[in-house]
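Visitor:
Below you can see the structure in the form of structure tokens.
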């Protein structure tokens, strides 16, 4: 089992990786990313900025090859 603090830390690192990858892709927007993964913009935004949806974060990372 991982602790809640460890999960939050891992989530923080993956969110940073997503943001960096979006910048690497010529400033990819949340709207473009949402279309790519098939989720609403608000869901994608919350996943990136707040780590609320870990499965969506995983999908995003897979789509960005992060």
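Numbering (the numbering used here), first residue to last: 26 to 91. Beta carbons are placed, not taken as given, at the ideal position from N, Cα and C, and that holds for glycine.
With a threshold of 16 other CB atoms inside 10 Å of the CB of residue 83, please say whether the residue is buried or exposed.
Guide: Start at 1 with the first residue of the chain shown, and residue 83 comes out as number 58. By the 10 Å Cβ count, residue 83 comes out exposed.
Visitor: So what does DSSP say about residue 49, is it helix, strand or coil?
Guide: Counting from 1 along the chain shown, the entry for residue 49 is found at position 24. Helix, per DSSP.
Visitor: If I follow the unbroken alpha helix (DSSP H) through residue 68, where does it start and stop?
Guide: The residue labelled residue 68 in the question sits at position 43 within the chain shown. Where residue 68 is concerned, the enclosing alpha helix (DSSP H) stretches over 66-75.
Visitor: Thinking C-beta only, is residue 52 closer than 8 Å to residue 59?
Guide: Taking the chain shown and counting its residues from 1, the one referred to as residue 59 is at position 34. Taking the chain shown and counting its residues from 1, the one referred to as residue 52 is at position 27. Cβ atoms of residue 59 and residue 52: not closer than 8 Å.
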